[in-house]
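Quick note on numbering: the sequence shown equals residues 60 to 251 in this note's numbering.
Just below is one structure, and these are the notes that go with it.
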Amino acid sequence: MKVHLSTATLTRILTAATLCGILAACVEAELEYNDPYPANFVYQQVATKHALRSALESPGIYCMIYAVNNVYHFDSNDGHNDTDNMLSITGGKPYSSAGCGFIVGMTVKTDMRTGNQQRVAYERVCPYCDTYDKITKPLEFKEKGSQQVVCRRCHRIYDLETQGVAINGEGNIRLYKDRVAYDGTNNLRIYK
Ligand SMILES: [Zn+2]
């Protein structure tokens, strides 16, 4: 059976298909970046912080970013630690997170969609303990060199390489994920 479609009909079908594609991409991004908090972290001196810089540039290295008494801490999974005084940071902006800071890094695994290794950022809070009990507990690296983090309270382990999914425990949960922008030299931004 031959089907004849007018140009107008074809245009309508193509437009609908394009809109569906855009919508699907939006829904996918919405699902991927699932942080319920108004995350914001801006830092403009990456080059001076070994732990942070290597996490942004070396696949498999991840760095915890958190603040204690106006001091930023940068602790990487390969054992480097740096600090910076929040109050003396040039261009520093208010820092906001779920309360425990962020985890940032670059995956060893390549992204299925882009074929590239992906810079990722997550809230450093256990999403299970956060939503279930309203108790925030900071995540820690499972051990030195690990690309997994653990919650000492519920003992869940999350895999930073695979979108932060929990690899144990009940429920299908994963870390709160944020967007990350890095210009390759000094400027980092983590945002919702
Ligand atoms: Zn937990």
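Note that beta-carbon positions come from the ideal geometry of N, C-alpha and C, so glycine has one too.
As the structure is a computational prediction, the values presented were derived from the model and not from experiment.
Quick one: what does DSSP say GLN173 is sitting in, helix, strand or coil?
Note that residue 173 corresponds to Thr in the displayed sequence, not to Gln. THR173: coil per DSSP, three-state reduction.
Could you please go through the chain and list the residues whose beta-carbon is closer than 7 Å to any non-hydrogen atom of ligand 1?
Qualifying residues, in the order they occur: CYS185, TYR187, CYS188, LYS196, CYS210, ARG212, CYS213 and ARG215.
So what's TYR92 in DSSP terms, helix, strand or just coil?
DSSP places TYR92 in coil when its eight states are reduced to three.
Got a sec? Which residues, its chain only, sit under 7 Å from SER117 by beta carbon, not counting five neighbours each side?
Cβ neighbours of SER117 beyond the five flanking positions: MET165.
Please state whether the Cβ-Cβ distance between HIS214 and ASN231 is less than 9 Å.
No.
Give the secondary structure of ARG112 by DSSP, where H, G and I count as helix, E and B as strand, and everything else as coil.
Looking at ARG112 - three-state DSSP - the assignment turns out to be helix.
What are the boundary residues of the beta strand (DSSP E) that includes SER135?
First-last of the beta strand (DSSP E) with SER135: 130 to 135.
Let me make sure I understand the geometry here. Which of MET171, ASN246 and HIS132 has the alpha-carbon closest to that of GLN222?
Ranking MET171, ASN246 and HIS132 by Cα distance to GLN222 puts MET171 first.
Between which two residues does the beta strand (DSSP E) holding CYS122 run?
It spans 121 to 127 - the beta strand (DSSP E) in which CYS122 sits, taken as one unbroken run.
What's the gap between the Cα of GLY119 and the Cα of TYR191?
If you take the alpha carbons of GLY119 and TYR191, they lie about 30 Å apart.
Between VAL6 and ALA114, is the Cβ-Cβ spacing less than 9 Å?
Any answer about residue 6 is impossible in this case: the structure gives the chain only from 60 up to 251.
Pick out whichever of TYR217, GLN206, VAL208 and TYR131 has its Cα sitting closest to the Cα of GLU229.
Among TYR217, GLN206, VAL208 and TYR131, the Cα nearest to that of GLU229 is on TYR217.
Is LEU234 helix, strand or coil by DSSP?
It is coil, neither helix nor strand.
Tell me which residues share the same chain as ARG112 and place their Cβ nearer than 8 Å to its Cβ, disregarding the 5 neighbours each side in the sequence.
Closer than 8 Å at the Cβ level, and outside the excluded window around ARG112, lie VAL105 and ALA106.
Taking ASP141 as part of the beta strand (DSSP E), name the residues at either end of that continuous run.
Where ASP141 is concerned, the enclosing beta strand (DSSP E) stretches over 140 to 144.
With distances taken Cα to Cα, identify the nearest neighbour of CYS252 among LYS108, ILE249, ARG233 and LEU146.
Outside the shown range of the chain (60 to 251) lies residue 252, about which nothing can therefore be said.
Would you mind working out which of GLU220, LYS108, ARG211 and GLY138 sits nearest ALA180, comparing C-alpha positions?
Nearest C-alpha to ALA180: GLU220.
Is it buried or exposed for ASN256, if we count other Cβ within 10 angstroms and need 16 for buried?
Because the chain here runs from 60 to 251, residue 256 falls outside it and cannot be looked at.
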